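**Student:** Sharing a structure, written as structure tokens. Questions coming.
Residue numbers (my numbering): 11 to 492.
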């Protein structure tokens, strides 16, 4: 049982710190209304993130922009019927917190041919809460992840129409995650066999559809350093081309706090306390274990083009290639905090992520001196195949539509508002996630040792089902130029 808990702790940290395609694109209220395009556009201080080369085209000496986005997301999971087709499907809906990615950009242009600036934003993050007692609680109950990025940037004009820029990305993060440690439900033959072999009351029957015990983790990732590079060719008054590269970052997790949470039932909790020693669990050893791993945040390349047919209109297209294949597998080490020696060797976990493409399109119309309107859309491929689809973040190919406006109450100030609707390109996605049910593996071992006459079942299984996902985004920002 001690080994079981350490395995689950390692897996929880790994999936919690980096589960799916957690790239956040809501990092400008203006561009949120325009489908997140911006690689080939002159965005003043916001170019520090979208294309640092474009920051030197800033029209004023100082520019400052700050804002926040609220992301209201919801996912559903429906179990598949058994092979007879008679088992009734069960339906679960996530209850997620509102995610709030932030941004702040400042750019100073002391000379006509150069600028220096600083960006702060949250480029990776996610929030998912399925509840304590749902069908996939052994994989995840809730997860919250947020990565913070600080980027000093410099931009130079090589000549009148060509510029380059570079920023140093300094990124760190934090997470919390919980998952069930024992199976939920009283209809599992293995649960009954384990309780019978240990000659204990059947805790699973007593709990019914309630979770017996959960593992909760909190942790922080050390700062990782990368680069954001860009080039921009402002061809003429109508056309601009842009290109950016963001390097891969490796987030190192050295430790995390661990706590065990029992079912809110005094009688069952007392029985679990009697069960754990029989299974060799030392909670003090578990909570003091140190988990170390290294998690990649992927590199990306983005190409952009901007077209201005007349002064009041501008259209832009971005094509982004994200190298998610960096997350091919995960290596987790469990160490004794005193000796720094391995407590348990964890097999490398295959993830098999694939590189993806995102296509973005947007347009804006400067209707009046004080009003600009925007619309956009984008398609963002899922990096996860159906054979590795899991509920930590139900991965879909996203199809989104956006709209926004900018008001300028005074010449040197703008207020930006945007809305986006994000849906799956398919009505639903069916997939499975292969994993070893460590509880069943442990139960098989205990039954063979204590009561070999009891039946055992395979611990290798798939968590399969149908998923849907959607989100609404609301952004507000304010900017100053002088």
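Backbone N, C-alpha and C define an ideal beta-carbon position, used for all residues, glycine too. Remember, it's a predicted structure, so these values are computed and weren't measured experimentally.
At 4 residues or longer, and completely inside the stretch 206-281: list those alpha helix (DSSP H) runs for me, N to C.
**Tutor:** 213-217
**Student:** State the beta-bridge partners of residue 84 as determined by DSSP.
**Tutor:** 480
**Student:** If you follow the beta strand (DSSP E) that residue 58 is part of, which residue opens it and which one closes it?
**Tutor:** Taken as a continuous stretch (DSSP letters only), residue 58 belongs to no beta strand (DSSP E), being part of the alpha helix (DSSP H) at 57-60.
**Student:** Where does the unbroken alpha helix (DSSP H) through residue 35 begin, and where does it stop?
**Tutor:** Per DSSP, residue 35 belongs to no alpha helix (DSSP H) and is neither H nor E.
**Student:** Considering only residues of the same chain and omitting the five flanking positions on each side of residue 487, which have a CB-CB separation below 6 Å?
**Tutor:** 39, 77, 426
**Student:** Considering only residues of the same chain and omitting the five flanking positions on each side of residue 114, which have a CB-CB separation below 6 Å?
**Tutor:** Only 76, 130 meet the Cβ criterion.
**Student:** Do residue 401 and residue 149 have their C-beta atoms closer together than 8 Å?
**Tutor:** Yes, they are a contact pair.
**Student:** Three-state secondary structure (DSSP) at residue 182?
**Tutor:** strand
**Student:** When DSSP labels each residue in this structure, what does residue 98 get in the three-state scheme?
**Tutor:** coil
**Student:** Looking at residue 79: is its Cβ nearer than 8 Å to the Cβ of residue 371?
**Tutor:** no
**Student:** Just confirm the distance between the C-beta atoms of residue 384 and residue 406, as a whole number of angstroms; I'd bet it's less than 8 Å.
**Tutor:** Wrong, their Cβ atoms sit about 25 Å apart, outside the cutoff.
**Student:** Got a sec, what are the start and stop residues for the beta strand (DSSP E) residue 330 sits in?
**Tutor:** Here the beta strand (DSSP E) through residue 330 covers 323-332.
**Student:** Please state whether DSSP places residue 173 in a helix, a strand or coil.
**Tutor:** strand
**Student:** List the whole-angstrom C-beta distance separating residue 36 from residue 111, where the pair is believed to meet the contact cut-off of C-beta under 8 Å.
**Tutor:** Right, the Cβ-Cβ distance comes to about 5 Å (below 8 Å), so this counts as a contact.
**Student:** Within 10 Å of its beta-carbon, does residue 45 have 16 or more other beta-carbons around it, so buried, or fewer, so exposed?
**Tutor:** buried
**Student:** Skipping 5 residues on each side, what residues in its chain have a beta carbon closer than 8 Å to that of residue 306?
**Tutor:** 28, 258, 259, 260, 261, 336, 337
**Student:** Considering residue 493, what are the terminal residues of the beta strand (DSSP E) in which it resides?
**Tutor:** Residue 493 lies beyond the stretch modelled for the chain, which goes from 11 to 492, so this question has no answer here.
**Student:** Count the CB pairs spanning the stretch 138-148 and the stretch 160-173 that are closer than 8 Å, and state whether there are at least three.
**Tutor:** no
**Student:** Determine the DSSP secondary structure at residue 285, reduced to helix, strand or coil.
**Tutor:** helix
**Student:** With three or more beta-carbon pairs closer than 8 Å as the criterion, would you say the stretch 273-280 touches the stretch 315-330?
**Tutor:** Under the three-pair Cβ rule at 8 Å, the stretch 273-280 does not count as touching the stretch 315-330.
**Student:** Helix, strand or coil: how does DSSP classify residue 66 here?
**Tutor:** Three-state result, residue 66: helix.
**Student:** Taking the CB atoms as reference points, tell me whether residue 268 and residue 227 lie closer together than 8 Å.
**Tutor:** yes
**Student:** Just curious, the beta strand (DSSP E) that residue 387 is in, first and last residue?
**Tutor:** 381-390 is the extent of the beta strand (DSSP E) around residue 387.
**Student:** Can you tell me whether residue 134 is buried or exposed, with buried defined as 16 or more other CB within 10 angstroms of its CB?
**Tutor:** The residue in question, residue 134, is buried, as its Cβ has 16 or more Cβ neighbours within 10 Å.
**Student:** Do you know whose CA, among 100, 58, 48, 84, lies nearest residue 91's CA?
**Tutor:** For the options 100, 58, 48, 84, the alpha carbon positioned closest to that of residue 91 is the one of 100.
**Student:** Closer than 7 Å by C-beta to residue 422: which residues in its own chain qualify, once you throw out the five before and the five after it? Chain order, please.
**Tutor:** 490, 491, 492
**Student:** With a 10 Å radius around its C-beta and 16 neighbouring C-beta atoms as the bar for buried, classify residue 322 as buried or exposed.
**Tutor:** In this structure residue 322 is exposed. Its beta-carbon is surrounded by fewer than 16 other beta-carbon atoms within 10 angstroms.
**Student:** What three-state label does DSSP hand residue 486 in the structure shown?
**Tutor:** In the structure shown, residue 486 adopts extended strand secondary structure according to DSSP, grouped into three states.
**Student:** Using 8 Å as the threshold, is the C-beta distance between residue 63 and residue 236 below it?
**Tutor:** It is not a contact, given that the beta carbons lie outside the stated cut-off.
**Student:** Per the DSSP calculation, residue 148 is bridged to which residue(s)?
**Tutor:** Paired residue(s): none; residue 148 is not in a bridge.
**Student:** Kindly indicate which three-state DSSP category residue 413 falls into: helix, strand or coil?
**Tutor:** For residue 413, the secondary structure class from DSSP, reduced to helix, strand or coil, is strand.
**Student:** In the DSSP assignment, find the unbroken beta strand (DSSP E) run with residue 115 in it and report its ends.
**Tutor:** Under the DSSP assignment, residue 115 falls in the beta strand (DSSP E) whose first and last residues are 112-121.
**Student:** Spatial neighbours of residue 264 within its chain, please: CB distance less than 6 Å, with the 5 preceding and 5 following residues excluded, ordered by chain position.
**Tutor:** 302
**Student:** Please work out which residues of its chain come closer than 8 Å, Cβ to Cβ, to residue 304, disregarding the five sequence neighbours upstream and downstream, and give them in chain order.
**Tutor:** 260, 261, 262, 263, 341
**Student:** Alpha carbon to alpha carbon, what distance is there between residue 106 and residue 42?
**Tutor:** 21 Å
**Student:** Going by DSSP, what residues sit across from residue 363 in a beta bridge?
**Tutor:** For residue 363, which the question treats as bridged, DSSP gives no partner whatsoever.
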